[in-house]
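Written below as structure tokens is the structure these notes are about.
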Amino acid sequence: MTTRLRFAPSPTGYLHIGGVRTALFNWLWARKTKGAFILRIEDTDQERSTTESVRVIVDSLRWLGLGWDEGLDVGGPTGPYTQMERLALYREHAERLVHAGKAYRCYCTKEELEAQRAALKARDPKATFRYPGTCRARRDEPALPFVVRFRSPEAGAVTYVDKVFGAVTTPNAAQQDFVLLRSDGVPLYNFGAVVDDMTMGITLVARGRDHMVNTPPQILLYEAFGHPLPEFAHLPMMLAPNGEKLSKRHGAVSVGEYQRQGYAPHAVLNYLARFGWSHGDQEVFSLDELVQAFDWEHCNKADGKFDAKKFLAINHEHLKTPRLTSDAAYVDQVTPFLHARGLEGFERAGVAGAVPLVRERATSFVDAADRLDFVFRDRPLIEDAAGAKFLVKANASRLRDIASALESVEPWAAPALEAATGAWLAGAGLQIKDVAQPARVALTGRTASPGLFDVLATLGRRRSLDRLRAAADAAEASGS
RNA sequence: GGCCCGGUCGUCUAGUGGACUAGGACGCAGCCCUUUCAAGGCUGAUAUCGCGGGUUCGAAUCCCGCCCGGGCUACCA
């Protein structure tokens, strides 16, 4: 049997990094087992669901490279893939259970239930209200609105073997007659998910641990329909550093934010995969390696805390390793960030030529664009005060001298430039440290930059000499 | 309160009865390299494996109790 897995987010905002991890583990297993990965939208909470959010989810997954075989946009044989378009299906399944006596119509109003709940709380503040089964044997009331409730067995227990947590047993007595269909015909989570998973032929449900409590009632539903059970795998949760639920209060949590901060999509996936899963001592993975290595046996059971520093370090690793980020991919990904700085009018080849300057150093594409800024301006921006201190009168003549010394170097490449500079330094009785920083600032506007000779080589003869001399002029004019 | 789940360096983790004087990674400190910043190399600090009992020649690994933490407890998902 071929495996079929799904990611079924609710479109109620951005795509949370924790949700991506769930999507990733499903996707990895689908790929590894040559099965199908399905994207389904669970939008039955009409209060909170937005079409804008659906767009964000689709865009984020595509950016990450987590494509789906069936689902939104791409279609498939078990669609539609949006729950609000499947209402007839839920109604029909609910009726089947009602006819079989496994579910019933409940005419209790929200107000009545609320009153009962309040009365119970008044008697015993810590008690949990459980629906008392008032309508279990009630006659049909064609004129009244109703919800459909599941007739939960009061004896026995549900046991399933979680692929991560192992055997989990829950007594049925803990279950109440939960609602399947709201009075407006829209299904509640447990019912909608089960009907969809059954009709879509899902073979393994992998989701966050916060859903573990939903599994027993869902299994009861499969049994009521006489449908074979899928496998279940629950993933530990991703918490904020302080142990709270990870939310925007703790910094960036959406995929979009990491995209904007210059993270490489596969680095995001790498970090997320290693969170709650391991493969010996290996920390860095390409997507293919992840597909190869992923398994459920090495998924951890304990919740973890998000670590932004390690995430950045993984991103750095991906940016500096050609195996993980090809030269072409690097150029593609850094270019938008160059544009975002207002830099225009450069060629792709120019970017490709400059990228080697920062490959080893840049931890993100935002960082890379910042370090490359000087390459794509007519004159470098002198942004830091420390840099300005090197452009003083005392250094003006040296800057001019280097320019002259390098003027006719052939070829204009790092080794020849370094040799020519060495010769000039020896003749002038100077050391490289006497001129390196002034020259660096003259060329890049910064006190920290890639190697001097690489900068000269990348900038080219005309622009290099121009910058050196312009800086000398400015230093002289500064009067200090 | 009830039901379910978890507990190894600050963090992510390796570990499934002996190779554990508990390993790796991130972070941190120092040194080397060096024209700057990174990268790289080396070194170091940080864990009585939640606590207490057992079982065993031997336990982070098995059993029991306790403690602590988390999830759920909706006509949310």
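Quick note on numbering: the working numbering labels position 394 of the first sequence as 394, and the sequence is numbered without any gaps.
Built from N, CA and C at the ideal position, the CB exists for glycine as well.
Since the structure is predicted, the reported quantities are computational estimates derived from the model, not experimental observations.
To the nearest angstrom, report how far apart residue i and residue j are at their CA atoms.
i, j, result
"Phe285", "Lys163", "23 Å"
"Tyr330", "Asp370", "15 Å"
"Glu317", "Arg91", "51 Å"
"Lys305", "Gly251", "13 Å"
"Leu319", "Ala157", "51 Å"
"Cys135", "Met84", "27 Å"
"Val20", "Arg62", "12 Å"
"Thr421", "Val334", "32 Å"
"Thr50", "Val268", "25 Å"
"Trp424", "Ser478", "26 Å"
"Ser247", "Lys121", "31 Å"
"Glu95", "Glu42", "21 Å"
"Ile314", "Arg274", "10 Å"
"Leu456", "Ala413", "8 Å"
"Gly75", "Leu229", "25 Å"
"Leu391", "Ala385", "10 Å"
"Asn300", "Arg463", "55 Å"
"Glu344", "Phe165", "53 Å"
Identify which residue in the options has its Cα closest to the Cα of residue i.
i, options, result
"Gly427", "Ile402, Glu231 and Val441", "Ile402"
"Phe311", "Cys106, Phe337 and Glu283", "Glu283"
"Phe191", "Cys135, Lys433 and Thr44", "Thr44"
"Ala471", "Lys393, Asn26, Pro322 and Val161", "Lys393"
"Leu406", "Arg467, Glu383 and Thr363", "Arg467"
"Leu89", "Met1, Phe25, Met200 and Ser464", "Met200"
"Ala349", "Ala388, Asp332, Phe374 and Gln261", "Asp332"
"Ala491", "Val148, Trp29 and Leu443", "Because the chain is modelled from 1 through 480, residue 491 falls outside the range shown and cannot be assessed."
"Arg55", "Gly13, Val147 and Ala475", "Gly13"
"Asp59", "Pro11, Leu28, Pro438 and Arg469", "Pro11"
"Arg377", "His339, Ser408 and Phe365", "His339"
"Arg31", "Glu52, Thr2 and His16", "Thr2"
"His16", "Thr325, Thr363, Ser53 and Arg6", "Ser53"
"Ala308", "Thr363, Asp327 and Leu287", "Thr363"
"Asn26", "His234, Val148 and Gly166", "His234"
"Leu220", "Val186, Thr203 and Asn172", "Asn172"
"Leu64", "Val98, Leu28 and Ala448", "Leu28"
"Pro187", "Val366, Thr321, Gln46 and Gly243", "Gln46"
"Ala137", "Phe150, Phe453 and Asp367", "Phe150"
"Tyr104", "Glu141, Lys245, Ala115 and Asn300", "Glu141"
"Gln259", "Pro336, Arg249, Ser183 and Ser464", "Pro336"
Could you please give the first and the last residue of the uninterrupted beta strand (DSSP E) stretch that includes residue i?
i, result
"Thr159", "Ala157 to Asp162"
"Phe150", "Val147 to Phe150"
"Thr170", "Gly166 to Pro171"
"Ala36", "Ala36 to Leu39"
"Phe294", "No beta strand (DSSP E) holds Phe294; DSSP gives it neither H nor E."
"Glu360", "First-last for Glu360: undefined, no H or E at that position."
"Arg105", "Ala103 to Cys106"
Check for me: the alpha helix (DSSP H) holding residue i runs from which residue to which?
i, result
"Arg4", "Note, Arg4: premise wrong, no alpha helix (DSSP H); beta strand (DSSP E) at Arg4 to Phe7."
"Thr51", "Thr51 to Leu64"
"Thr447", "From DSSP, Thr447 is part of no alpha helix (DSSP H); its letter is neither H nor E."
"Glu154", "Note, Glu154: premise wrong, no alpha helix (DSSP H); not H, not E."
"His316", "Ala308 to Lys320"
"Ala477", "Arg461 to Ser478"
"Leu391", "Element bounds for Leu391: n/a, residue is neither H nor E."
"Phe232", "From DSSP, Phe232 is part of no alpha helix (DSSP H) but of the beta strand (DSSP E) over Glu231 to Leu235."
"Asp367", "Phe365 to Leu372"
"Asp327", "Asp327 to Ala340"
Can you tell me which of the three DSSP states residue i falls into?
i, result
"Arg207", "strand"
"Gly256", "helix"
"Val179", "strand"
"Tyr90", "helix"
"Met84", "helix"
"Ala413", "coil"
"Trp424", "helix"
"Gly18", "helix"
"Tyr131", "coil"
"Met198", "helix"
"Trp277", "strand"
"Lys126", "coil"
"Pro187", "strand"
"Leu72", "coil"
"Leu120", "helix"
Nearer than 8 Å: is that true of the beta carbon of residue i relative to any heavy atom of the ligand MN?
i, result
"Arg359", "With respect to the ligand MN, the structure offers nothing, as it holds no ligand at all."
* Asked: Can we say the segment 205-213 touches the segment 75-87, given the rule of at least three CB pairs closer than 8 Å?
  -> no
* To do: Evaluate the contact criterion for the segment 389-404 versus the segment 351-365: three or more CB pairs, one atom per stretch, below 8 Å.
  => no
* Any 3 or more C-beta pairs closer than 8 Å across the segment 124-140 and the segment 174-187 -> yes
* Asked: Quick check: the segment 99-115 against the segment 232-245, are there 3 or more CB pairs under 8 Å?
  -> no
* For the segment 247-261 against the segment 35-43, are there 3 or more C-beta pairs whose distance is under 8 Å? -> no
* Asked: Is the segment 270-284 touching the segment 294-304, taking contact as three or more C-beta pairs under 8 Å?
  -> Touching, yes.
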